[in-house]
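Chains as they are written, first to last, in the working numbering: chain A, -5 to 107; chain B, 351 to 457.
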């Protein structure tokens, strides 16, 4: 996979994680207007992701690009710390790595079909 | 109790995964964009985001992102059940490893 496409795939999944960040921000709002605004922003970011996703898929295998979905686990932890004061423990890191391995196995098997 | 919300979050992932099955079924129809399957599929997807909205208040972002990995498991089993797609041994191993990873994460 070309370096340029790898970078694009990584950025795309950062966007996907940001969509979840917006969703969580939305869930924490007590003012309904803010809640709805952030909810739709989250969906909009997902929409942008979907469009760029189709473009990236055009030149690359689905299984190759989809493999980057595991990076959302990393972004989830980092953004969790940055935006929501969450903690990272060693269990979380080990658990994330193990989960990512499981995901990779399923994706690799999917690409062999 | 936050475990209720974890269950609700997992349910929302399940609904989103099921909607993927419907979208796949919809892709076999004459009009691949607008048919019973795609309409209900997208409605369910929407419902799933609302459920996610409700539950994210009580769940860490890091946990939420990790639990998304369950969609691989749900889609695999639902594809087996509803689309008659086969599951290979490798996929089952992958599924078990994902579950182990999630358990370790929450230890």
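For each residue, glycine too, the CB sits at the ideal point set by N, CA and C.
Span of the alpha helix (DSSP H), counted from its first residue to its last, around residue 382 (chain B): First-last for residue 382 (chain B): undefined, no H or E at that position.
Alpha-carbon to alpha-carbon, residue 12 (chain A) and residue 40 (chain A): Cα to Cα, the separation comes out at about 9 angstroms.
Residues from the segment 82 to 98 of chain A in contact with chain B, defined by Cβ distance under 8 angstroms: 82, 85, 86, 88, 89, 90, 91, 92, 93, 94, 95, 96, 97, 98
Chain A contact for residue 426 (chain B) (CB, 8 angstroms cutoff): yes
Short CB-CB distance (under 8 angstroms) between residue 370 (chain B) and chain A: no
Residue from A:104, A:74, A:7 whose Cα sits closest to the Cα of residue 46 (chain A): A:7
Residue of B:391, B:366, B:364, B:362 minimising C-alpha distance to residue 375 (chain B): B:391
DSSP three-state assignment for residue 459 (chain B), whether helix, strand or coil: Nothing in the structure corresponds to residue 459 (chain B), since chain B is present only between 351 and 457.
Presumed contact (8 angstroms Cβ cut-off) between residue 97 (chain A) and residue 419 (chain B), rounded CB distance: Yes, they are in contact, since the Cβ atoms of residue 97 (chain A) and residue 419 (chain B) sit about 6 angstroms apart, within 8 angstroms.
Rounded separation between residue 57 (chain A) and residue 101 (chain A) - CA only: 6 angstroms
CA nearest to the CA of residue -1 (chain A), picked from A:69, A:28, A:63, A:54: A:54
Beta carbon proximity, residue 57 (chain A) to chain B, threshold 8 angstroms: Closer than 8 angstroms: no.
Where residue 81 (chain A) falls: helix, strand or coil (DSSP): coil
Terminal residues of the alpha helix (DSSP H) in which residue 3 (chain A) lies: -3 to 22
Classification of residue 165 (chain A) by the beta-carbon crowding that lies within 10 angstroms, buried from 16 upward: Outside the shown range of chain A, which is -5 to 107, sits residue 165 (chain A), and nothing can be said about it.
Close-in-space but distant-in-sequence residues of the same chain around residue 414 (chain B) (CB under 7 angstroms, 5 per side omitted): 359, 406
Chain B within 8 angstroms of residue 22 (chain A), Cβ atoms only: Yes, its Cβ sits closer than 8 angstroms to a Cβ of chain B.
Interface residues of chain A facing residue 399 (chain B) [CB-CB closer than 8 angstroms]: 17, 33, 36, 37
Simplified DSSP assignment, three categories, for residue 28 (chain A): helix
Reduced DSSP category for residue 407 (chain B) - H, G, I as helix; E, B as strand; rest coil: coil
Partners in chain B for residue 70 (chain A), counting only beta-carbon separations shorter than 7 angstroms: 411, 412, 414, 415, 416
Contacts around residue 20 (chain A), its chain only, beta-carbon distance under 7 angstroms, and the 5 residues preceding and following it disregarded: 29, 32, 33, 36
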